[in-house]
Amino acid sequence: MNTALAALAHDIESSFDLSDELMARVRDALAANMDTPPSIEDFRSTDAVLGLVRQCLPGWTIRIRGTATTPNGHWHCSLRQSAIRDNDPYVGIGQGPTLPHALLAAVLGALAQAG
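Numbering-wise (the working numbering), the sequence shown opens with residue 1106 and increments by one.
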């Protein structure tokens, strides 16, 4: 388990806003798992974060639940290698006040478990 990535996922889940400092830490962490490092702007929209999921964990299944309210939507996301098996070697689970928070935490959680 990569404890630095797990701690970063926790920081995202416990943050109400994705600050530039926090996004820079995420960018640096994800750069090791991508051909082209993301920019900080890639964390501001759900579509852009979904693109990061596709790059870091291609073919994985995304499950999203949440409440579309502001300021805290209570979003939950899980990432699995397969939608039909329940014995994946690792999964990503994230939550947060916005969907990008939950997606980023789930990606980092999965990468942390992968080593």
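Just so it is clear, CB atoms sit at the ideal spot from N, CA and C, and this is done for glycine as well.
query: Let me know if Phe1121 comes out buried or exposed under the rule of 16 or more other beta-carbons within 10 Å of its beta-carbon.; result: exposed
query: Note the first and the last residue of the continuous beta strand (DSSP E) segment covering Gln1074.; result: Outside the displayed span of the chain (1106 to 1220) sits residue 1074, for which this structure offers no information.
query: Based on the DSSP secondary-structure assignment, which residues constitute the bridge partners of Thr1166?; result: Arg1185
query: What beta strand (DSSP E) runs, 3 residues minimum, are completely inside the region 1119-1155?; result: none
query: Just the C-alpha distance for Pro1142 and Gly1178, rounded to the nearest angstrom, thanks.; result: 28 Å
query: Count the C-beta pairs between the region 1132-1149 and the region 1200-1217 that are closer than 8 Å, then say yes if the count reaches three, no if not.; result: yes
query: Taking the C-alpha atoms as reference points, what is the distance between Leu1157 and Gly1199?; result: 15 Å
query: So, using beta-carbon positions, are Leu1184 and Ala1211 closer together than 8 Å?; result: yes
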